[in-house]
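Peer 1: Attaching a single structure in structure tokens format; questions to follow.
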Amino acid sequence: MESNRHKQAQELLLSIIDNGGEGYAARFQMLVSLAKRYEHDETARLIIDEAVRAAERLKFPQEEIDIFKELFMCRQMTRRMIAENHFMTVRTVWNKQKDFFTRIMPLVFGIDGIPFEKGKLYAED
1073 MESNRHKQAQ
1083 ELLLSIIDNG
1093 GEGYAARFQM
1103 LVSLAKRYEH
1113 DETARLIIDE
1123 AVRAAERLKF
1133 PQEEIDIFKE
1143 LFMCRQMTRR
1153 MIAENHFMTV
1163 RTVWNKQKDF
1173 FTRIMPLVFG
1183 IDGIPFEKGK
1193 LYAED
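All you need for our numbering is the position in the sequence shown, starting with 1, plus 1072.
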């Protein structure tokens, strides 16, 4: 039952993001910037860590989470190295990175003006 609620919440969040909205591109770039500053900015580190933990709880595709961690959190691998290790093309790595950013955007910024609160990923019934 609980995993079904998480799946429904995830689908709702993704459908709202996929439909677009004002400032989507700006928020997307801000999220990418946060990920790039992960090593140097404590606030960015806290935000990204919480988003990744939430993504793991919501059962996002593990391959996308791993690629994100290798690129932005560990910073020890390039996209080409990741592509070789995961037996995929560099373009596929880019697409999986973009998909993960799209999925965690509502976790970081909230939706419809509702800010993200720690531990609450969807409205209570």
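Using N, Cα and C, we set each Cβ at its ideal position, and we do this for glycine too.
Keep in mind it's a predicted model, so treat the numbers as computed, not measured.
What would DSSP say about residue 1159, mapped onto helix, strand or coil?
Peer 2: In the three-state DSSP reduction, residue 1159 falls in the coil class, being neither helix nor strand.
Peer 1: I need the DSSP call for residue 1201, collapsed to helix, strand or coil.
Peer 2: Examination of residue 1201 is not possible in this model, given that the chain is present from 1073 through 1197 alone.
Peer 1: From what residue to what residue does the alpha helix (DSSP H) around residue 1132 run?
Peer 2: Residue 1132 -> no alpha helix (DSSP H), and no H or E assigned at all.
Peer 1: Under 8 Å: do the region 1105-1124 and the region 1149-1167 share three or more Cβ pairs, one atom per stretch?
Peer 2: no
Peer 1: Under 7 Å Cβ to Cβ from residue 1136, same chain only, skipping five residues before and after it: list those, please.
Peer 2: 1168, 1171 and 1172
Peer 1: I'd like to check one pair, residue 1177 with residue 1099: are the Cβ atoms closer than 8 Å?
Peer 2: Yes, the Cβ-Cβ distance between residue 1099 and residue 1177 is below 8 Å.
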